[in-house]
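Some notes on the structure that comes next.
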Amino acid sequence: MRYATRITLALSIAVGLTWGCERESPKNSSPSTATNADVVPVASMDEAVLRTWADMGRKVWLAKACNMCHSLNGAPLAGPSPLGVWGSKQMLADGREVLVDEAYIRESILNPGAAITAGYTDKMISLKGNITDEELRGLAALFRSLKAVPSVPASAPTGGPR
Ligand code: HEC
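If you read the sequence shown in the working numbering, its first letter stands for residue 577, the second for the next number, and so on.
Have a look at this one:
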């Protein structure tokens, strides 16, 4: 009897775990064609996939007026610019240092008061309830896509004395 109980318990745990996985909302490599097949965290997206998500993120950025307080070119406005912050350590007003990754970006958008960037004040309004998981992913991808120093066009002078 006890043995049977244990089996039943083990089985229900297994089933519970399986359900847990399936409940995970399906997110795909591309914003428009979601299947369960490849759930990719922004950090491990390859360049092409990243570009698709970042393009979507850029639209969200404009639609939600993030550019009112954030520039994409590095200039500080009411809030810090996302240019080049992905993967770096951000100093917070309370002295903590945090890694700028997808989790931090999501948290900063959903719960801006939780981590105030050093040098700024708590002016940002939470988007909790007004933004989808896909949109958050797009915004994080936008941040990551702004990591690289803007590439110099092939036709531009390479520098040095002429
Ligand atoms: C009313 C001005 C305002 C608007 C609009 C705004 N933000 Fe902010 N945001 C700020 C300020 C000020 C900070 C710095 C203080 C803080 O960390 O909350 C900030 C911080 C952030 C951070 C943390 C950045 C870092 O380097 O630490 C992220 C990410 C962010 N905002 C994303 C967004 C996104 C995405 C939107 C649009 C959906 C947006 N913000 C709209 C003012 C704004």
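Built from N, CA and C at the ideal position, the CB exists for glycine as well.
Which listed residue (the options) has its alpha carbon closest to that of residue i
{"i": "V668", "options": "A679, A690, W662 and S657", "result": "Position check: residue 668 holds Leu in this sequence, whereas Val was assumed. Closest option to L668, Cα to Cα, is A690."}
{"i": "P658", "options": "W637, G671 and E623", "result": "W637"}
{"i": "G695", "options": "K704, Y680 and G671", "result": "G671"}
{"i": "R682", "options": "D698, S647, G714 and M621", "result": "G714"}
{"i": "A679", "options": "N643, L712, K699 and V625", "result": "L712"}
{"i": "K699", "options": "M644, P617 and D622", "result": "M644"}
{"i": "I707", "options": "S684, N649 and I692", "result": "S684"}
{"i": "G655", "options": "M621, G663, S620 and I701", "result": "I701"}
Other residues of its chain near residue i: CB distance less than 6 Å, five sequence neighbours each side excluded
{"i": "V661", "result": "V676"}
{"i": "R634", "result": "L718"}
{"i": "A716", "result": "V618, E678 and I681"}
Host alpha helix (DSSP H) of residue i (start-end)
{"i": "M667", "result": "Looking at the DSSP string, M667 is not in any alpha helix (DSSP H); the run it does join, the beta strand (DSSP E), is K665 to M667."}
Boundaries of the beta strand (DSSP E) in which residue i is found, first to last residue
{"i": "L703", "result": "Counting along the chain, L703 falls outside any beta strand (DSSP E), and DSSP gives it neither H nor E."}
{"i": "V625", "result": "First-last for V625: E623 to A639, but that is the alpha helix (DSSP H), not the beta strand (DSSP E)."}
{"i": "L722", "result": "That residue, L722, is in no beta strand (DSSP E); it is neither H nor E in DSSP."}
{"i": "L675", "result": "E673 to L675"}
Under 9 Å between C-beta atoms of residue i and residue j
{"i": "K665", "j": "N687", "result": "no"}
Cβ neighbours of residue i in the same chain (closer than 8 Å, five flanking residues each side left out)
{"i": "E673", "result": "K665, Q666 and M667"}
{"i": "I692", "result": "L668, A669, D670 and D698"}
Contacting residues, own chain, Cβ-Cβ under 7 Å from residue i (five flanking each side not counted)
{"i": "N649", "result": "S657 and L659"}
At least three beta-carbon pairs within less than 8 Å, the region 630–637 to the region 715–722: yes
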